[in-house]
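What follows is a set of notes on a single structure, which appears directly below.
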Amino acid sequence: MNLADTLMEQLAAQRVSRAELSRALRAMTQAEREAAMWRGDLTSAQLWEWARGWPDEVPTINGEWAFIAAYTPEVAEIAERKS
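Residue numbers (our numbering): 183 to 265.
Below, the structure is given as structure tokens:
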């Protein structure tokens with residue numbers, strides 16, 4: 183097996199994995215997706231798929247999707263004050 187074949191096999195496996203993650207996300211209810219997000223169980227690809235597919239479902243903080251806002255300085259400061 184050469185390098186090109188190996189790379190093609192890896193790409194095919196990634197496509198299958200992404201498809202499985204997408205199916206899992208779509209099988210969840212809104213509440214299940216939100217709970218999974220807060221637990222940190224969703225991949226970044228799943229978070230973005232959720233935001234694209236159901237933008238009104240994604241919780242927001244200061245008007246920004248929570249999975250993005252969580253990394254802003256404003257939200258980090260609030261989290262630090264609470265701990």
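Note that beta-carbon positions come from the ideal geometry of N, C-alpha and C, so glycine has one too.
- Local Cβ density within 10 Å of TRP220, reported as buried at 16 or more and exposed below that: exposed
- Name the residue from LEU203, GLU239, GLU256, SER199 whose alpha carbon lies nearest to the alpha carbon of ALA217. GLU239
- Message: By the DSSP assignment, the alpha helix (DSSP H) with TRP230 in it spans what residues?
- Response: First-last of the alpha helix (DSSP H) with TRP230: 226-235.
- Nearest candidate by alpha-carbon position, reference LEU207, set TRP230, PHE249, GLU191: TRP230
- Mind checking which residues open and close the alpha helix (DSSP H) that includes MET219? In the DSSP assignment, MET219 falls within the unbroken alpha helix (DSSP H) covering 212-221.
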